[in-house]
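Trainee: Before anything else, here's the structure in question.
4 protein chains.
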Amino acid sequence: PATTGRWTDHWTADTLASRYDEIRARTEQLAAPLSPEDQTVQSMPDVSPTKWHRAHVTWFFETFVLAEHEQRFAPYQDKYWFLFNSYYEAVGPRYARAERGHISRPGAHDVGDYRGNVDARMRDLIDTLDEGSLDKLAGTIELGFHHEQQHQELLLMDIKHVLSVNPLQPVYAGSPDPAGAPDRLGWVDVEGGLVEIGHDGAGFSFDNELPRHRTFLEPYRLGDRLITNGEWLDFMADGGYDRAELWLSDGWGRVTGEGWRAPFYWQQVDGTWFEHTLHGTFPVDPSLPVTHVSHYEADAYATWAGKRLPTEAEWEHAAQTLAGEPAPDANLANADTFHARAAGPPTGGLRQLFGDCWEWTSSAYLPYPGFHPAEGAIGEYNGKFMSGQMVLRGGCALTPPGHTRASYRNFFPAGARWPMTGLRLADGGA
Amino acid sequence: PATTGRWTDHWTADTLASRYDEIRARTEQLAAPLSPEDQTVQSMPDVSPTKWHRAHVTWFFETFVLAEHEQRFAPYQDKYWFLFNSYYEAVGPRYARAERGHISRPGAHDVGDYRGNVDARMRDLIDTLDEGSLDKLAGTIELGFHHEQQHQELLLMDIKHVLSVNPLQPVYAGSPDPAGAPDRLGWVDVEGGLVEIGHDGAGFSFDNELPRHRTFLEPYRLGDRLITNGEWLDFMADGGYDRAELWLSDGWGRVTGEGWRAPFYWQQVDGTWFEHTLHGTFPVDPSLPVTHVSHYEADAYATWAGKRLPTEAEWEHAAQTLAGEPAPDANLANADTFHARAAGPPTGGLRQLFGDCWEWTSSAYLPYPGFHPAEGAIGEYNGKFMSGQMVLRGGCALTPPGHTRASYRNFFPAGARWPMTGLRLADGGA
Amino acid sequence: PATTGRWTDHWTADTLASRYDEIRARTEQLAAPLSPEDQTVQSMPDVSPTKWHRAHVTWFFETFVLAEHEQRFAPYQDKYWFLFNSYYEAVGPRYARAERGHISRPGAHDVGDYRGNVDARMRDLIDTLDEGSLDKLAGTIELGFHHEQQHQELLLMDIKHVLSVNPLQPVYAGSPDPAGAPDRLGWVDVEGGLVEIGHDGAGFSFDNELPRHRTFLEPYRLGDRLITNGEWLDFMADGGYDRAELWLSDGWGRVTGEGWRAPFYWQQVDGTWFEHTLHGTFPVDPSLPVTHVSHYEADAYATWAGKRLPTEAEWEHAAQTLAGEPAPDANLANADTFHARAAGPPTGGLRQLFGDCWEWTSSAYLPYPGFHPAEGAIGEYNGKFMSGQMVLRGGCALTPPGHTRASYRNFFPAGARWPMTGLRLADGGA
Amino acid sequence: PATTGRWTDHWTADTLASRYDEIRARTEQLAAPLSPEDQTVQSMPDVSPTKWHRAHVTWFFETFVLAEHEQRFAPYQDKYWFLFNSYYEAVGPRYARAERGHISRPGAHDVGDYRGNVDARMRDLIDTLDEGSLDKLAGTIELGFHHEQQHQELLLMDIKHVLSVNPLQPVYAGSPDPAGAPDRLGWVDVEGGLVEIGHDGAGFSFDNELPRHRTFLEPYRLGDRLITNGEWLDFMADGGYDRAELWLSDGWGRVTGEGWRAPFYWQQVDGTWFEHTLHGTFPVDPSLPVTHVSHYEADAYATWAGKRLPTEAEWEHAAQTLAGEPAPDANLANADTFHARAAGPPTGGLRQLFGDCWEWTSSAYLPYPGFHPAEGAIGEYNGKFMSGQMVLRGGCALTPPGHTRASYRNFFPAGARWPMTGLRLADGGA
Ligand SMILES: [Fe+3]
Ligand SMILES: [Fe+3]
Ligand SMILES: [Fe+3]
Ligand SMILES: [Fe+3]
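Residue numbers (this note's numbering), protein chains in the order written: chain Y, 4 to 433; chain V, 4 to 433; chain H, 4 to 433; chain W, 4 to 433.
Now the structure itself:
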């Protein structure tokens, strides 16, 4: 995530305060079903405890807004700066990431107190700013909104893992969507040429979406929906996890070294595959998009299918020209659904472009030509992670609405399986 | 600890039920100061979460008593058998020990419900047994008492570590004892000869204390109290942690590999050494016994001092002949003190023999001549750990009163530092 | 590296046999200064023993040429197929890479016998082929030439490491070049536009250089020579290895986790930096190119300098248009020099483009648009490594002449330091 | 191991020089079948290369004899002190043990030169000593003899492992002994009482055999020969490696964690078990002693058989009283046999007591009462390893004749499998 991106133009104290309240309340709403014990656990090093997420996003406002702009600033608790800093080297030492689950205090309720305290001070600050100061500060506060939204998604991703390792199979929320109908994969042609990608419109973007720049694309085509569980079962039945020739070398190393036989949250019981979701554990539904597969698995699938993954430029150019921004009914993190749903009937266009599952691309996560990170600690947001990761596009069912767009670049290591990832095929292009 | 030891002779339904209630209540009393979050954390693989201890000791009664003797037995929750089994291979698969901290549910309150359910069923069972059945069952129930007392001690040891890694320095309980006066180490001579060790008296013992047997001891002498923090500071000032020639080879590997510079819970701030205790963090008090040192450190200290550690036979023979059983004022786990205290004034005899700190001996933990483990799962209690560990004697400030005796054999690997360990010197003997 | 690349057009039995002899003799010449013991050691998992390289390139001819085309083929030694296969999954099981140094037999001399046997059979085969068969086979044999040349470079890279861990500081060969004169970095402007990269000329290429394709470049400029040791010392003096803000996050993890303080083969003795080379250990010469730095270090240097690394497209386009192919006096692996040398006087163009040190680019190693690996085992050559690595361009002082070109793509993980790597700065481009 | 043991009384310059020559020549004779490559490999961290052993025993004489007694002493090569020191902290820094296989130079022939140089200087020194000096020095030189003999055994143990990982199955020496006849295990009763153990006779002993001291033994009995491969196959057939209840907890962890299914050097091919030996790989012979089993395996076998392992005191007392010292026909490291042989016909006494396989005892390796290590570097020989190891008694087919005796204490960690170990059962004793 990022920084010297672009900002929404006309924040007023009222709209800023109201958006602040909305975002902050949503975080607490997402944490509400979770017990203090649920909020404490770190089930693997990549996962952070729920109460850590709740505190860390609060720390962000305290550190980058209050500490620099509040009169007579004093931190709520000195040691929270150490506990809830994530990776900002410039802000000082940090508590080891892999040991976040060793910290029982502050407890879930104490974190609520911390949030309340910072909320009150933030509202005071926003109320009392003159227009010039507000203009200067709005960008950082807006970054805080997007930062907190990112952590809302991470909170869900992470608690999904926490609940998955528990033999009691706890359920986070309500019921999943009903199954869909079988559906043949269609293709959408895109012309290409010397196109532009990167953010340029109005409103917010992260720095890694900038600058908008030219790139050349040969004509190509994209699958019109995500690959489904049913198609993935075909891949498995055809020896997908047994045939070295389908895999990147590093991927094959993981398959054999870690015993991968199916997507991350699948388990076979008496011959039937089940999938752990935030709504409970269910038999694998062939009409749903396959999810929680690594880049290596997505790439092996595409090789098996005689196709490939799209580049991020191909994806973005198609999204820009064919879809624009996410439709209101995209399957993003709405109140009651936290899992991908079946693609609707064919439309002739690209279905499931936003939401459902993050789509692995074949592009490494690297700076755009002319990229420069921001000055200071906030400049650590995105640029320093541009190494050893792959780009994903489009958002997933855990992504807050308003938090993704055609130019949005998500990124994870090629072996990551706990994010809600999926894949769309591409073809042509050369 | 163990099983086919000796049993108290005359349990009645009343005394058994009353002792059951007392032990069970004490566990809950010890857990009471801890939040749900505190009870969830596993701060290193050796540590178990508080709520795991509370559930595991309950599982012991459910598995070894109710499952075998309750009419129409059904487990409270099937999966608890998997979650709360510790190391009994014969009972079935177990949840990985190092991942006990990944389990948020059952929560602390749910564990309370589990305890309540088993308590009610246990009382019913005890009430309805005829005398013959009660005789047969009392031994296993009594073993359950001692098992739960062991876990009371472990619960305190473990939560001490959990709180120690928290930068907020949480306090478990009240205030520590006041400092004592400086005190010169004295010596007590023991004659030796062909002596007997091992449990033989009335009442309970673990199987590893049996059989009582003959062993030969040359005349020897023992330090009349535990080594103090003040004496340990002298060792440190004299290069104790820098001089390879003082150390066992494996110990020196730990010193250099893990950077040991002081006892486990000591930290130096601006030139002053502080010690983390369950009562808070305080400057190191030179009059208190040094504690949380490994066998390697204890051995290096003894070498530095030109002395040695006692064998377990020397310790037990001296305790039998000079002290008998723990005195009522021994510093065991009483209500308000969870730390070693200063030795009182010299008595001419052995001070601090029971309580304060477990005393490392120079004896490896091995079976006594003629030892045989019990049949069945309960036989896994002690015997299978007789490899790669050293014997400790005497009990510590976290040991429940009634849970130690002259013949009691505790054991830990030579590198363990999170138990409340200390040392007493020995000399002569050859 | 690769396979369905392009092939030299007109091999005859004579030219093929003569080239075969020349390449094979060069390998033995490079191994000649090394004792049987030198040829046996694997000093880290990435390194292979010299005698393994000598055998493995022989196995390649036996497996991909003789086994498929020799009449009455029988392997020289069955178990050699297991021992000297490197990563071809399709050919069968392989001996664990990290344990190549555990294999004392076949010894260095036995490997010589193996080489001799295969050489004789290869010459027989080439002599007896009719023209049609020769046309079909020449491509695979030519691939074997380039494969063996690659291993000639690896043999030197690897033995440099083996000798470096030996306190006796053994010397592989003669004397290094004399120091050069100080030299200011100049810049060369390149226009960019919609350009083509990828191999297209006559002669051999690996599959990863194909297909030639269009890409768009904004105007940019490149440093006119490699960064020197003198410049690197400035970076170090300015806290280069201490300032997190200069580093990619993964790179900073290596700096702190592995204690990086200088290039891989530098060691400081009494305040002076020394560099281990194949010619011996010498004080660091400020006029020489810095070498054995990882991508992370190269990137941090560029950030510190306010510049960036070039993309592989920028590098290749400049090389194509400004330099063409390597000049005869490029510092590639000539008989007596195995280290980078100082840049000559400025020329107005790009100096040190080929040879001296492989140049890290900012491009991840990914397939070109339209890339397809070859069928069969030989298709494992390049494509399956297109994950988690960065592209390097230009060749180094260990690269055999004739084995690099403007379109040649080398690749290593971003943390690799034992290859002979360096860097050239870029600027502009957006 | 050891030092301030007892010494042979009457060395003269002649007998000392002649014994020196004999021991030194034997080392070179044992290394003679090994190529330079064989002598270079370290196939696991516990193993040292043959040429390292040859150099290290030479370093011992140079360091502890020549450096302290030679006039105008100068080391043969400064860096050899660093390379060939094994674990003497007092002598200075050491090259990392696990990286001994990374050192190609000095080569096998260079080590021969080093040996020749030190031999010449040692002979000069011995020749020129007056009687008083000779008396003072003879003890250290004699220790050097026993040290070199220990390394002769280690050299064979280690090269056995090196050759075992090679798919070519190289043979070190000649042919194994012919198979023996089936043989029923008999028992020998021993009375026990207050007995003495420890070295007391004339001649050399290591310090860990001292002081001789009293210990008490109840009556016991010992198996009259080693357990055979045939008996081990019965154990395996009865689920020996599948039944947790037979195993020490740490042992079971190794069985499951490392997949132990049979003794270390056994491999099953098409249903038949084969055993790697220094004489080649052969079908497992049921009449031979089982060898290369860990203490954990030996203990599990004894539990399965309803018996136990002997204590070291039981073993030594029986050996002293029933056997005295090794018989001339004991199967120690004679010229042509490097493997255990079948027990001869029953004798009514203890067969195979010395030689064939080291016998695991149930005793941890700890100091005898009154043990004190020697002053100075040589004091590091034995005492500092008295932690985490088990005692073995009797010698094996790789032990040089004259290098074992009734009081000799060998020791290895309980999980070690590459030494030539076996077991004898015990019963009674309580
Ligand atoms: Fe964050
Ligand atoms: Fe327990
Ligand atoms: Fe190769
Ligand atoms: Fe040695």
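Each residue gets a CB set at the ideal place from its N, CA and C atoms; glycine is no exception.
(1) So what does His-216 (chain H) bridge to, in DSSP terms?
(2) Between Ser-51 (chain V) and ligand 5, is there a pair consisting of the residue's CB and a ligand heavy atom that are separated by less than 7 Å?
(3) Pull up the CB-CB distance for Ile-230 (chain V) and Pro-292 (chain V), whole angstroms please, since I reckon it's below 8 Å.
(4) Along the alpha helix (DSSP H) that carries Tyr-79 (chain W), what are the first and last residues, could you check?
(5) Leaving out the 5 sequence neighbours to the left and right, which residues in its chain are closer than 8 Å to Pro-214 (chain V) when beta-carbon positions are compared?
(6) With distances taken Cα to Cα, identify the nearest neighbour of Asp-41 (chain W) among H:Asp-81, H:Gly-104, H:Leu-140.
(7) Going straight from the alpha carbon of Gln-155 (chain V) to that of Ala-338 (chain V), what length do you get?
(8) Could you check whether Leu-69 (chain Y) and Val-121 (chain Y) sit closer than 8 Å to each other, using their CB atoms as the reference points?
(9) Give the DSSP-derived three-state secondary structure of Ala-336 (chain H) in the structure shown.
(10) What did DSSP end up calling Val-114 (chain W) once you bin it into helix, strand or coil?
(11) For Gly-110 (chain W), which residues in chain H fall below 7 Å Cβ to Cβ?
(12) Taking 8 Å as the CB-CB cut-off, is Met-389 (chain H) touching chain Y?
(13) Less than 7 Å between the CB of Ser-252 (chain H) and some heavy atom of ligand 1, yes or no?
(14) Under a three-way DSSP split, which group does Leu-128 (chain H) fall into?
(15) Would you mind telling me which residues of chain V sit closer than 9 Å to Glu-221 (chain W), beta carbon to beta carbon, in chain order?
(16) Does at least one heavy atom of ligand 3 sit under 7 Å from the Cβ of Ser-89 (chain H)?
(17) Going by C-alpha distance, which of V:Gln-153, V:Asp-332, V:His-72 is nearest Arg-126 (chain V)?
(18) Which residue's Cα is closest to the Cα of Gly-183 (chain V): V:Val-287, V:Asp-203, V:Leu-140, V:Ala-93?
(19) Between Ala-5 (chain Y) and Ala-433 (chain H), what straight-line distance do the alpha-carbon atoms span, to the nearest angstrom?
(20) Say yes only if the C-beta of His-154 (chain H) is nearer than 7 Å to one or more non-hydrogen atoms of ligand 3, and no if none qualify.
(21) In the structure shown, what three-state DSSP assignment does Met-389 (chain W) receive?
(22) Can you list the alpha helix (DSSP H) stretches of 4 or more residues lying completely in the stretch 282-309 of chain Y, in chain order?
(23) Report the neighbours of Gly-432 (chain Y) on chain H: residues whose CB is nearer than 8 Å to its CB, in chain order.
(24) Since Gly-195 (chain H) meets chain Y, which of its residues come closer than 8 Å, beta carbon to beta carbon?
(25) Check whether the Cβ of Leu-159 (chain H) lies closer than 8 Å to any Cβ atom in chain W.
(26) Which term fits Glu-194 (chain W), buried or exposed, when burial requires 16 or more other beta carbons within 10 angstroms of its beta carbon?
(27) Out of V:Gly-398, V:Tyr-411, V:His-406, point me to the one whose CA is closest to Leu-426 (chain V)'s CA.
(28) Let me check understanding here. Comparing Cα to Cα, which of V:Pro-403, V:Gly-405, V:Ala-367 lies closest to Gly-391 (chain W)?
(29) Could you compute how far the alpha carbon of Thr-494 (chain W) sits from the alpha carbon of Arg-412 (chain W)?
(30) Let me confirm a value: Phe-148 (chain W) is counted as buried when at least 16 other C-beta atoms fall within 10 Å, else exposed. Which label applies?
(31) Nearest to Ala-1 (chain V) by alpha carbon, out of V:Thr-43, V:Leu-401, V:Arg-311, V:Leu-158?
(32) Using a threshold of 7 Å, is the CB atom of His-406 (chain W) nearer than that to any non-hydrogen atom of ligand 4?
(33) Return no unless some Cβ of chain W is closer than 8 Å to the Cβ of Thr-6 (chain H).
(34) Just the Cα atoms here: how many angstroms apart are His-59 (chain W) and Glu-102 (chain W)?
(35) Going by DSSP, name the residue or residues bridged to Asp-192 (chain Y).
(36) Under 8 Å Cβ to Cβ from Arg-396 (chain W), same chain only, skipping five residues before and after it: list those, please.
Mentor: So, from the data block:
(1) Paired residue(s): H:Ile-200.
(2) In the structure on display, ligand 5 does not appear, and the ligands it does have are ligand 1, ligand 2, ligand 3 and ligand 4.
(3) Right, the Cβ-Cβ distance comes to about 7 Å (below 8 Å), so this counts as a contact.
(4) That residue, Tyr-79 (chain W), is in no alpha helix (DSSP H); it is neither H nor E in DSSP.
(5) Counting only Cβ-Cβ distances below 8 Å, and skipping sequence neighbours, we find Gly-201, Tyr-371, Pro-372, Gly-373, Phe-374.
(6) Closest by alpha carbon: H:Gly-104.
(7) Going by the C-alpha atoms only, they are around 13 Å apart.
(8) Result yes, Cβ atoms of Val-121 (chain Y) and Leu-69 (chain Y) sit closer than 8 Å.
(9) If DSSP states are grouped into helix, strand and coil, Ala-336 (chain H) belongs with coil.
(10) Note: Val-114 (chain W) maps to helix in three-state DSSP.
(11) Per Cβ cutoff of 7 Å: Ser-38, Glu-40.
(12) So yes, Met-389 (chain H) belongs to the interface.
(13) No, since every heavy atom of ligand 1 falls outside the 7 Å radius drawn around the Cβ of Ser-252 (chain H).
(14) Reduced to three states, the DSSP call for Leu-128 (chain H) is helix.
(15) Within chain V, the residues whose beta carbon sits less than 9 Å from that of Glu-221 (chain W) are His-216, Arg-217, Pro-372, Gly-373, listed in sequence order.
(16) Correct: Ser-89 (chain H) has its Cβ closer than 7 Å to ligand 3.
(17) Per the Cα distances, V:His-72.
(18) The shortest CA-to-CA distance from Gly-183 (chain V) to any of V:Val-287, V:Asp-203, V:Leu-140, V:Ala-93 is the one to V:Val-287.
(19) Per-residue confidence for Ala-5 (chain Y) stands at a pLDDT of 35, beneath the threshold of 50, marking its modelled position as unreliable; no derived number is given.
(20) Distances from the CB of His-154 (chain H) to the heavy atoms of ligand 3 include at least one below 7 Å.
(21) Looking at Met-389 (chain W) - three-state DSSP - the assignment turns out to be coil, as it is neither helix nor strand.
(22) List check, alpha helix (DSSP H) in window: 298-307.
(23) Contact of Gly-432 (chain Y) with chain H by beta-carbon distance below 8 Å involves Pro-372, Gly-373.
(24) Result: empty, since nearest Cβ-Cβ is about 10 Å, beyond 8 Å.
(25) No, its Cβ sits nowhere closer than 8 Å to a Cβ of chain W.
(26) It counts as exposed.
(27) That would be V:Gly-398, whose Cα lies nearest to the Cα of Leu-426 (chain V).
(28) Selection V:Pro-403, V:Gly-405, V:Ala-367 evaluated against Gly-391 (chain W) yields V:Ala-367 as nearest (Cα-Cα).
(29) Lying outside 4 to 433, the shown extent of chain W, residue 494 (chain W) is not represented and no answer is given.
(30) Buried, since its Cβ has 16 or more Cβ neighbours within 10 Å.
(31) A query on residue 1 (chain V) cannot be resolved here, the shown segment of chain V reaching from 4 to 433 and no further.
(32) No; taking the cut-off as 7 Å, the Cβ of His-406 (chain W) has no heavy atom of ligand 4 nearer than that.
(33) Bear in mind that a pLDDT of 39 at Thr-6 (chain H), under 50, signals an unreliable position, so the number given afterwards is only what the model happens to contain. It does not; no Cβ of chain W falls within 8 Å.
(34) Taking the straight line joining both Cα atoms gives about 15 Å.
(35) Y:Arg-224.
(36) Around Arg-396 (chain W): Glu-315, Trp-318, Glu-319, Ala-322, Trp-361, Glu-362, Thr-364, Tyr-411, Arg-412, Asn-413.
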